[in-house]
Structure formats: C-alpha cells, structure tokens
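The sequence shown begins at 0 in numbering that gives the first Met the number 0 and counts up by one.
Each remark here refers to the structure printed beneath this line.
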Amino acid sequence: MNRRPIGVFDSGVGGLTVVHELMRQLPHEALIYFGDTARVPYGNKSPDTVRRYSREILDILLGRDVKLVVVACNTASAHALEELERYAPVPVEGVVRPGARAAVAATRSKNIGVIGTAGTMRSGAYDRAIKAVDPAARVTQRDCPLFVPFVEEGWLDHPATKLVAHEYLDPLRKDGIDTLVLGCTHYPLLKPLLGEVMGPDVRLIDSAEETAAAVSRELARSTLHAPDDAQGRVHFVVSDAPGQFEKVGAAFLGERVRDVETMALGEARG
Ligand code: DGL
C-alpha cells in the first residue's frame with residue numbers, strides 16, 4: 000500500500016474526464032492533475048513538440064513524488080507514451096491501449112471506428128494498438144478537430160455540433176462499424192449526441208472509463224493502492240489561466256474545480 004499521489008496530465012482541461020473516472024473508481028487515491036493550459040491544444044502540434052512537452056510535465060510530476068503517472072491526453076499518449084515509459088521510474092498508463100482493448104472486447108463484426116485529434120489519427124497509435132490485440136480487426140479512423148472547441152464552448156447538444164458530427168461520422172456509419180472509440184479527452188461529453196448520430200447498434204468506447212480500470216489493475220498488480228482509510232483528494236496545477244480552467248473544468252469533472260495552482264513552465268524547469 001502506498002499513500003503517494005497518482006500524477007495525471009493533459010494538454011488542458013479535457014483530462015478531467017479521466018480524473019472524474021479515477022475519483023469514481025479509486026475513491027481513496029490522492030491525485031495531482033497537471034493541465035498545460037498555456038500550450039493547449041496538442042492535437043495539431045508535431046509529435047516532437049508533444050513529446051518535449053510531455054517530458055517536461057512528467058518531470059514536474061516526478062518532482063512531486065507521484066507513484067504512477069496517467070497520460071490522460073490521447074494526443075500525448077499517441078506520440079509520447081513509449082518514451083515516457085522508458086524514462087519514468089514509476090508505472091505510466093496511457094489512454095490508447097485501454098481504449099483499444101475495450102473496443103476489441105466490444106466489437107462483434109471486428110469493424111471498429113476511431114475518432115480523435117489530427118495528431119492522434121496521424122500517429123496511427125489506435126490502429127496499431129487495436130491490431131496488436133486482434134490482427135483481424137478492421138480500423139477506420141477520422142479526425143474530428145472541431146469537436147474540441149465545440150465541447151469547450153458547452154455546445155454539447157447544439158444544432159451546429161450535430162451538423163458537424165454528421166459530416167464527420169456518416170461515412171463511418173455507412174462503412175458499417177459496430178464500435179466507435181472516443182479517442183479524445185473531450186468526446187465523452189458528446190456521448191448522447193454521438194449515440195444519436197451513430198444509432199443504437201454502435202457501441203461507444205469511452206477511454207476515460209477504461210483507463211481508470213487499467214490504473215486500478217496496475218495499482219493492484221504493483222501493490223501501490225492507497226489504504227482504505229485514506230481520503231481521496233485532487234490537487235490541480237495549470238500552466239496558465241486558472242480562472243478559465245475552473246470555469247470550463249466543472250463540466251468535465253462533474254463538480255466544481257477549486258484551489259487551482261498556477262505553475263509557469265519556465266519556472267518549473269528552473
Ligand atoms: N487532450 C487532447 C486529446 O485528448 C485534446 C485537446 C488538444 O488538442 O490538446 O487528444
């Protein structure tokens with residue numbers, strides 16, 4: 000057993016969907032969340048830049064004595080997970096592999112769709128992760144860059160979002176996928192709308208839920224679980240604009256976001 004915190008990071012506010020699930024599934028754990036609000040979005044940045052940012056944040060979290068790191072950002076998981084795993088002295092869990100495993104378990108037709116940022120789709124990380132579990136799976140990808148700003152605007156059920164969702168997803172639906180991986184932190188908030196667009200026969204895979212379950216298994220495997228008498232808590236750190244983070248974050252976390260610390264990244268690197 001171990002009372003040290005779990006570090007979680009994301010490009011900004013979206014990773015709070017993963018924090019929400021971690022709090023739900025692991026109510027005794029202490030969490031430190033780092034949102035890189037100064038440099039969001041990661042979804043359209045080059046793999047090298049995302050890897051450099053991710054290494055910097057990993058160092059910050061290791062400096063706070065975390066026992067495990069969760070890469071809540073799909074784009075950072077897609078570009079940087081292997082490098083972070085090699086470098087970190089603690090277990091590192093990304094969101095891509097848990098989502099891929101859940102998709103393979105859910106599909107009957109082996110015809111799986113994946114949506115995410117342009118960077119995540121270009122990396123091919125989901126395609127590889129799904130085929131590593133089931134080489135016979137057929138994967139159809141689609142980047143959906145407009146979903147992130149729509150979600151941050153709170154347009155979860157807006158006609159404009161629905162229109163764009165049809166534009167992005169109708170080809171996947173016509174292609175006959177029976178499972179759709181929501182491969183971006185923001186997309187779980189669009190679940191009702193995406194369910195409506197895809198129809199009842201398509202299973203939606205929420206990486207946040209699957210990742211929290213994978214973290215729980217890893218804690219059990221490495222006997223790093225917090226004891227049952229520990230009270231779960233979360234501390235938020237952002238690289239810019241804490242007020243905006245608090246305001247937008249509530250929808251992702253499902254409760255008020257308070258006591259946000261600001262750490263400019265230049266300072267953090269000393
Ligand atoms: N967190 C990112 C992801 O899950 C979405 C936002 C961004 O582009 O930074 O891919």
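From the three backbone atoms N, C-alpha and C, an ideal C-beta is built for every residue, glycine too.
In this text the structure is predicted, and so the values were computed from the model without any measurement.
Beta-bridge analysis with DSSP links Gly34 to Asp9, Val237. Taking the C-beta atoms as reference points, Val95 is found no nearer than 8 Å to Ala131. Using a Cβ distance threshold of 8 Å, Met197 and Leu155 do not count as a contacting pair.
Distances from the CB of Gly13 to the heavy atoms of the ligand DGL include at least one below 7 Å.
Looking at the DSSP output, Asp142 sits in a beta bridge with Gly115. Within 7 Å of the C-beta of His19 there is not a single heavy atom belonging to the ligand DGL. Our two residues, Cys143 and Asp228, have alpha carbons roughly 43 Å apart in a direct line. Residue nearest to Arg107 within the set Val259, Pro134, Asp177 is Asp177 (criterion: CA-CA distance). According to the DSSP assignment, Glu152 belongs to no alpha helix (DSSP H), since it is labelled neither H nor E.
Contact between Asp205 and Pro187 holds, since their C-beta atoms are separated by about 5 Å, short of 8 Å.
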